[in-house]
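Same order as they appear, the protein sequences are chains R and P. Just so we're on the same page, the numbering used here is the position in the first sequence counted from 1, plus 4. Mapping of the second sequence onto the numbering used here: position 69 corresponds to residue 66, and the numbering continues sequentially without gaps. Glycine included, C-beta positions come from ideal geometry on N, C-alpha and C. Data first, discussion second: the structure below is written as C-alpha cells.
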Amino acid sequence: MRKFLIVLIIAGFLAPLLSSPAFAAGPPPKDILKGVFTQVDAQQRTVSFTKDGGEVMTLTLPEKMALEEVSLNKKVMVSLDTHAGPGVIKEVDRMFMDMTTSKVVALLLVGMIGGLLSGFIGSGGAFVLTPAMMSLGVPGAVAVATNMCHKFPKALVGTYKRFKYGQVDLKLAAVMGVTATIGVQLGIQMQKYILNTYGNAGSNLYVSVIFVAVLVLVGGYVFFDAYKLARGDGGEKVSKLALRLQKMELWPMMEFKVAKVRISAWVTVPVGLCTGLLAATIAVGGFVGVPGMIYVVGASAMVASATELGIAFIMGAWGSVQWGISGLIDIRLALLLLSTSLIGVQLGALGTTYVKDYMIKLVMASVMLVVAVSRGAMIPGYLAALNLRAPLDHGMATFLDGLSFWTLVAALGLSGIIITIAMVVGMMKDRAEKKVLTAVSHG
Amino acid sequence: MAITKFDQHAMAAAFSEAGEPETAREILKDTGAQKKQPQAHHQAKKPYLSTVILGVLSLTAYYYVFSNEKLVTDVFTRGGIYAIWPLGTALFVSFIHGAFGSNLLTVLGLEAKKSH
C-alpha cells in the first residue's frame, strides 16, 4: 500500500516533467514577449521594445493598430504575427491595469464570497474570478495566472482549518491531488488536439458543451440527493454505487481513515484523473472531484468538500509555479483577493460545523446549475462561429454575453446568501441548545 | 470566614473517618472544580493582542507592496527564478493574514461548533 502511494506520488511529479508544462485551464502561452515600449517612429510605424532582461528590439506595428494605442514605459505583453513577417506585432495587452477604488472594492467583494464558497464546498471562485478580472481589463493569461496564485494559499488556509475540525482526509487528498495533476496533462493534450483540428471556436464549443453537460447532470443529481436528504432526517447515507465499489477486493486496496472508506485504487485513481481532466477543460475540477468522492468513493459531503481543498492546494501550487515561471502573475490583484478570501475561507470552513451534510450538497448543486446556465448562454455564439447556425445579431450577442457574466455573479451571490443564512441559523440553534443545557445543569 | 484548602482537606478527612467517604469525595471534588475555573476562564480569553500585532504586520506587508507597485510588478513578472517572489509573497501573506483572519473571527465570537 505504502509502496503504491510512493510510486503514485513520484509518477505525479514526473508526469508534468515528461510532458509540456501544464496546469489547470491550459498552459502559459509561449510566444509572448514581455517588456516596455520605449520609443515610437511614426513614419516607419515601428516601435523600440525593451524586453525583460534588457534586450532591445525593433517591432513593426500592424496596419489596424493606431499609434495612440502604444503606451510608452508601461509593461506590456506582445504577441507576434509570425505569418506577417519577422517582428510584426499581432496584439498588445497592458499587463497591469490601473487600480481604481471601484475595481479594488469589486476585487475585495469577489474575494470574500469566493473564499466563503471555497471554505464551505471545497471549490469555487475560479469560475467567476477569472472572468471578473478580465472584465476589469486584465489580459486573459494574467487573470488565469493571478487566480491560480491566489487559489493555493487560500486552499492551504482552508485545508488547515478544516483539518483542525477533523474533516480532511490527507491521504485521499494526496492520492486525488497527484492523479488529478496527471489528469490535467491528459486534458491539455485533448484540448490541444481539438484546438488544432477544429480551431478556436471548436475548442470553445467543446469546453462549453462539456461544462454544461457535466454541470447539469452532476449538479442535477446532487440537487436531487440534497432535496431527498432535506426532506428526511438530513443524515447522510453512503451511495449504493460506492458501497458496491467498496466491496470490490481489487489490489491494491487503500484505506482512508478520516473518510472511513476502504476502496481499491482502481476506483480512486480514475476519479482523480477525471477531476484533472475537467480542471484542464473548465478550470473547476472540484465540480467533479467532490461529487466523485461522495458518490463513487463513498466519503461524506463534509469530508469530500474538505479534502477537495487539499487537492486544490496541490494542483494550485503546481500551476502557480508554472505561471510564476512564465512571469504572468499580477501580485497586486492576488493580494487584494487574498485580503478578504483568507477570512472568507475560514468563515466558510467554520460554517460547515454548524450545518448538516445536505446543506453542503445543496449549495454546491445550486452553484453548479447556475454556472451551467451562464456557460450555456455562450453556446449560440460558438455555434455561429462554426457556421452551425445563423450569425447572431449584435444586440443578441451583447445580451448573451451580459447574461453569461451576470449569472456567474448571481451564482456567487446566491451561494454567499445560502451559506450565511445556513450558518446564522446553525449558530442560533447551537446557542439555544447551550442555554437549555446550562439551565438543565443548574436546575 | 472563608474555607481554606486546609479546612477542606481536614473536613474531608473527618467525614472519611466518620464513615462517609462519598461526602469526603464531594468536598475534594469542589476543590478541583475551584482550581479548574480560572483555567476555563483563561481559555475563553480572546486573542486581542495577537490580532492587533498580526493585523499591523499584514497591513505593513500590503503597504510595502502597494507603495512600491512599479518595482514589485516589474521584478515579480520577470519569470524564471523570479517566480519565487510572487509565490513567496502569496505564502507569506497566507500565514500572516490567514492567522490574523483566524484571530479576528475568534475576537468577533465566530468559532466552530464544539460537540456537546
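Asked	Found
Return the first residue and the last residue of the beta strand (DSSP E) that T50(R) is part of.	T50 to K55
Taking the CB atoms as reference points, tell me whether M99(R) and P143(R) lie closer together than 8 Å.	yes
Confirm, please, whether the CB-CB distance from I364(R) to S309(R) is below 8 Å.	yes
Report the start-end ranges of each beta strand (DSSP E) in the region 342 to 401 of chain R that is 3 residues or longer and not cut off at the edges.	none
So, is A263(R) buried or exposed, given that buried needs 16 or more other C-beta atoms within 10 angstroms?	buried
Can you name the residues of chain R whose CB is closer than 8 Å to the CB of E108(P)?	L354
Going by beta carbon distance, what residues of the same chain come within less than 6 Å of A381(R), once the five residues before and after it are set aside?	L404, L407 and S408
What is the C-beta distance between G58(R) and G348(R), in whole angstroms, given that I count them as a contact (C-beta under 8 Å)?	About 41 Å; that fails the 8 Å criterion.
From I425(R), G141(R) and D434(R), pick the residue whose C-alpha is nearest to that of V80(R); which is it?	G141(R)
For K38(R), decide whether its Cβ has a neighbour in chain P, counting only Cβ atoms nearer than 8 Å.	yes
Using a threshold of 8 Å, state whether the C-beta atoms of G187(R) and Q350(R) are closer than that.	no
If we ignore side chains and look at the alpha-carbon of each, how far apart do L174(R) and L281(R) end up?	21 Å
What does R336(R) reach in chain P if we use C-beta pairs closer than 8 Å?	V62, F63, E66, V69 and T70
Mapping DSSP to helix, strand and coil, what is M101(R)?	coil
Can you check which of these residues, M257(R), T285(R) and V300(R), is closest to V275(R) by C-alpha distance?	V300(R)
Would a C-beta distance cut-off of 8 Å place S55(P) and I93(P) closer than the cut-off?	yes
Among L37(R), E73(R) and I36(R), which one has its Cα closest to the Cα of E46(R)?	Here residue 46(R) turns out to be Ala, not Glu, going by the sequence shown. Of the listed residues, the one whose Cα sits closest to A46(R) is E73(R).
Chain P beta carbons: is any one of them nearer than 8 Å to that of G144(R)?	no
For T86(P), which option in T70(P), S99(P) and T1(P) has the closest C-alpha, if you only look at C-alpha atoms?	T70(P)
Could you give the residue range of the alpha helix (DSSP H) that holds I50(P)?	Y45 to S64
Counting contacts by CB-CB distance shorter than 8 Å, is S99(P) in contact with chain R?	yes
With a cut-off of 8 Å on the beta carbons, I'd call T311(R) and L176(R) a contact; round off their distance for me.	5 Å
Answer with buried or exposed for D4(P), where buried requires no fewer than 16 other C-beta atoms within 10 angstroms of its C-beta.	exposed
Report buried or exposed for P90(R), applying the criterion of at least 16 other Cβ atoms within 10 angstroms of its Cβ.	exposed
Looking only at its own chain, which residues have a Cβ that is under 6 Å from the Cβ of A269(R), when we skip the five neighbours before and after it?	P256 and M258
Measure the C-alpha to C-alpha separation of T185(R) and R435(R) and round it to an integer number of angstroms.	43 Å
Would you mind telling me which residues of chain R sit closer than 9 Å to S91(P), beta carbon to beta carbon, in chain order?	F156, P157, K158, L160, V161, L342 and L346
Would you call the CB atoms of L332(R) and Y59(P) closer than 8 Å?	no
Taking C-alpha atoms, which residue in S345(R), T183(R) and T134(R) lies nearest to A96(P)?	S345(R)
What are the residues of the region 73 to 92 of chain P that lie near chain R, defined by any Cβ-Cβ distance shorter than 8 Å?	F73, T74, R75, G76, G77, Y79, A80, I81, W82, P83, L84, T86, A87, L88, V90 and S91
Does any residue of chain R have a CB that is nearer than 8 Å to the CB of H6(P)?	no
Assuming V292(R) and V218(R) make a contact with CB atoms under 8 Å, what is their CB distance in whole Å?	6 Å
Locate the beta strand (DSSP E) running through Q43(R), then write down its first and last residues.	I36 to D45
Which of the residues in the region 243 to 271 of chain R, read from start to end, lie with their CB under 7 Å from any CB of chain P?	none
At which residues does the beta strand (DSSP E) containing R266(R) begin and terminate?	V265 to S268
Could you give the DSSP three-state label for L63(R): helix, strand or coil?	strand
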